[in-house]
Amino acid sequence: MSRARHPGSCTVVVGCQWGDEGKGKVVDVLAQDVDVIARYQGGANAGHTVHVGDQEFILHQIPSGVLHPEKRCLLGNGVVLDVAQFFGEFDKLTERGVEPEGRIGVSERAHVVFPFHKALDKAAEQVASSKIGTTGRGIGPAYEDKTARRGVRIGDLLLEDRRRDVVEAALERARERLEHLGADAELTGSLADSMAFLERLPAIATDVGDEIDVALRDGKRVLLEGAQGTALDVDHGTYPFVTSSNTTAGGAAVGVGIGPTAIDQVVGVVKAYTTRVGNGPLPTAFEPEMDERVRTLGAEFGATTGRPRRCGWFDSVVVRYAGRVNGLTGIAVTKLDVLDTLEEIRIATGYRLRGSVHRRFPAGVPDLDLVEPVYETLPGWGVPTTEARSLADLPANARAYLDRVEELVETPIVMVSVGTRRSQVIRAA
Ligand code: GDP
Ligand code: IMO
Ligand code: MG
2 MSRARHPGSC TVVVGCQWGD EGKGKVVDVL AQDVDVIARY QGGANAGHTV
52 HVGDQEFILH QIPSGVLHPE KRCLLGNGVV LDVAQFFGEF DKLTERGVEP
102 EGRIGVSERA HVVFPFHKAL DKAAEQVASS KIGTTGRGIG PAYEDKTARR
152 GVRIGDLLLE DRRRDVVEAA LERARERLEH LGADAELTGS LADSMAFLER
202 LPAIATDVGD EIDVALRDGK RVLLEGAQGT ALDVDHGTYP FVTSSNTTAG
252 GAAVGVGIGP TAIDQVVGVV KAYTTRVGNG PLPTAFEPEM DERVRTLGAE
302 FGATTGRPRR CGWFDSVVVR YAGRVNGLTG IAVTKLDVLD TLEEIRIATG
352 YRLRGSVHRR FPAGVPDLDL VEPVYETLPG WGVPTTEARS LADLPANARA
402 YLDRVEELVE TPIVMVSVGT RRSQVIRAA
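Okay, here's the thing in structure tokens:
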């Protein structure tokens, strides 16, 4: 007998390029209409920017929905939690008048990112011959420990009689690994650093899968917030230049502890052009002059590390691939306004590889390094789109651009963002 379908709604919001697509903004807009927002993977490597009034918030570890008072915000088992970063962010939000107290929950199954994971992340990058360009937030080493079955979970830190031994053993292993990498073993930090904020954990620890299941059965609306993007997924991205989690929509069910059949909608967030921070292939990368121009127009600097993001034309091969991998039901196109002053706009419609043109996204970096994008050129629109609130308000050339994106990606556009503010949005469906 099959399980009855829940009366609630469950939407995944997922990045469709190399991260920084504007997920924070899109989640903030969609969060108005939901009851629960949950992160399902990644950690403080994320930097999700939300503008509320004239205030800017950059959320790393806490879901972007937190800026809506009274919404329940959860961090699922798929997330890796930097406890100090989490409470630092929690306290800053409180100081700024956002009240996270009593409405944030973290899965007991989520793995902990300790200070030593950050030390290991940096030490590994230093010795690597081919550097990933990580955010240095300890993400890779924490997921390594999880997969190697030696990780420490939030639930372990709740056990007062055991936690000291568990953390000490983890520190000891970390010291050995740092030495192995030729780094100073003392970079692990002290036991006290690793055990900070423990007294605050019981108040937030919860069974996230169960909470979401109950919410959906009660007819509530749930939003699952992805971090990073499809091309950074550990399986489906430009491996090894990826993050260490499944960023894609399949990771959402696994990462909060519900079944895939509980998910109704998958909204892909797509920047109107392409950016990438960190190393690895970016087939549609601009020439230096255009790169500088769009980086300035779009303020393309990392929200977590401040690094300049590399910029390029819209790549329909990547986003069409994201459509398939994530099972997208709609896309939210962001930062359309950044293109307002460009005379001409290009879209990559395919890749030329070894003499023939493909629309398939190659699996390996050697091929990705070889592909030459095939471009189509569309005229720019030359007027601001920032005040548009419906598709009809947009100039004809901007609408033509979006129509072509929709056609190439084979997924309907459900939202267009035309500025950083909450109000600067077009709900297309
Ligand atoms: P995320 O990681 O996907 O949440 O994206 P980030 O916050 O790292 O980067 C997106 C940046 O673009 C942030 O600075 C946002 O404030 C900004 N942004 C989001 N949507 C728009 C938009 O429609 N127009 C403009 N100009 N900026 C936007
Ligand atoms: P949001 O959620 C953009 C990139 C890093 C590096 C690679 C691996 O804001 O979109 P990691 O620290 O995860 O081991 O780094 O992934 N990266 C991101 N790039 N946006 C992000 O998050 C990213 N999180 C990680 O730059 O190339
Ligand atoms: Mg970001």
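Residue 296 in the numbering used here is what sits at position 295 of the sequence shown, and the numbering runs on without skipping anything.
A virtual CB, placed ideally from N, CA and C, is assigned to each residue, including glycine.
Neighbour-count burial assignment, Leu160, 16 or more Cβ in a 10 Å radius | Counting Cβ neighbours within 10 Å, Leu160 comes out exposed, since fewer than 16 surround it.
With contact counted as at least three CB pairs below 8 Å, one residue from each stretch, are the segment 115-133 and the segment 293-303 in contact?
-> By the Cβ rule, the segment 115-133 does not count as touching the segment 293-303, because fewer than three pairs are nearer than 8 Å.
Of all the alpha helix (DSSP H) runs that stay within the bounds of the segment 361-391, which reach a length of 4 or more residues?
-> Scanning the segment 361-391 from its first residue to its last, the whole alpha helix (DSSP H) runs of 4-plus residues come out as 366-371.
Nearest-angstrom Cβ-Cβ length linking Ile463 and Phe87, presumed shorter than 8 Å = The shown model of the chain, from 2 to 430, leaves out residue 463, and the question about it has no answer.
Identify, in the order they occur along the chain, each residue of the same chain with its Cβ nearer than 8 Å to the Cβ of Leu182, setting aside the five sequence neighbours on each side.
-> Closer than 8 Å at Cβ, skipping near neighbours: Leu121, Ala124, Ala125, Gln127 and Val128.
The segment 67-78 touching the segment 205-215, judged by at least three CB pairs closer than 8 Å = The segment 205-215 and the segment 67-78 touch, with three or more beta-carbon pairs separated by less than 8 Å.
DSSP-derived helix/strand/coil call for Met291 | Three-state DSSP puts Met291 in a helix.
What are the boundary residues of the beta strand (DSSP E) that Arg104 is part of?
-> Per DSSP, Arg104 belongs to no beta strand (DSSP E) and is neither H nor E.
Can you say whether Leu31 is buried or exposed, counting buried as having 16 or more other CB atoms within 10 angstroms of its CB?
-> Leu31 comes out buried.
Assess, as a yes-or-no matter, whether the segment 142-154 is touched by the segment 98-114 under the definition of 3 or more beta carbon pairs within less than 8 Å.
-> The segment 142-154 and the segment 98-114 touch, with three or more beta-carbon pairs separated by less than 8 Å.
Between the CA atoms of Arg164 and Leu192 - distance to the nearest angstrom | About 11 Å.
C-alpha gap between Asp92 and Val99, whole angstroms | Rounded to the nearest angstrom, the two C-alpha atoms are 9 Å apart.
Coarse secondary structure for Ile133, derived from DSSP in three states | Coil, per DSSP.
Three-state class that DSSP yields for Gly43 in the structure shown = Strand, per DSSP.
Beta carbon of Asp506: closer than 7 Å to some heavy atom of ligand 1?
-> Given a span of 2 to 430 for the chain in the structure shown, any question on residue 506 remains unanswerable.
Apart from the five residues on each side of it in sequence, which residues of its chain come closer than 7 Å, Cβ to Cβ, to Arg176?
-> So the qualifying residues of the chain are Ala186 and Thr189.
Does the beta-carbon of Met2 have 16 or more other beta-carbons within 10 angstroms, so that it is buried, or is it exposed?
-> Caution applies to Met2, whose pLDDT of 43 falls short of 50 and renders its modelled position unreliable; the value that the coordinates give is listed next. Answer is exposed; the Cβ neighbour count stays below 16.
Between Gly220 and Pro8, is the Cβ-Cβ spacing less than 8 Å?
-> Cβ distance < 8 Å, so Gly220 and Pro8 count as in contact.
Distance between Arg355 and Asp368 (C-alpha atoms, nearest Å) = C-alpha separation (whole angstroms): 9 Å.
At which residues does the beta strand (DSSP E) containing Glu90 begin and terminate?
-> Where Glu90 is concerned, there is no enclosing beta strand (DSSP E), although the alpha helix (DSSP H) it sits in stretches over Val84 to Glu96.
Ser65 beta carbon less than 8 Å from that of Val15 = It is not a contact, given that the beta carbons lie outside the stated cut-off.
Report the three-state DSSP secondary structure of Ala263 (helix, strand or coil).
-> It is helical.
Terminal residues of the continuous beta strand (DSSP E) containing Leu68?
-> From DSSP, Leu68 is part of no beta strand (DSSP E); its letter is neither H nor E.
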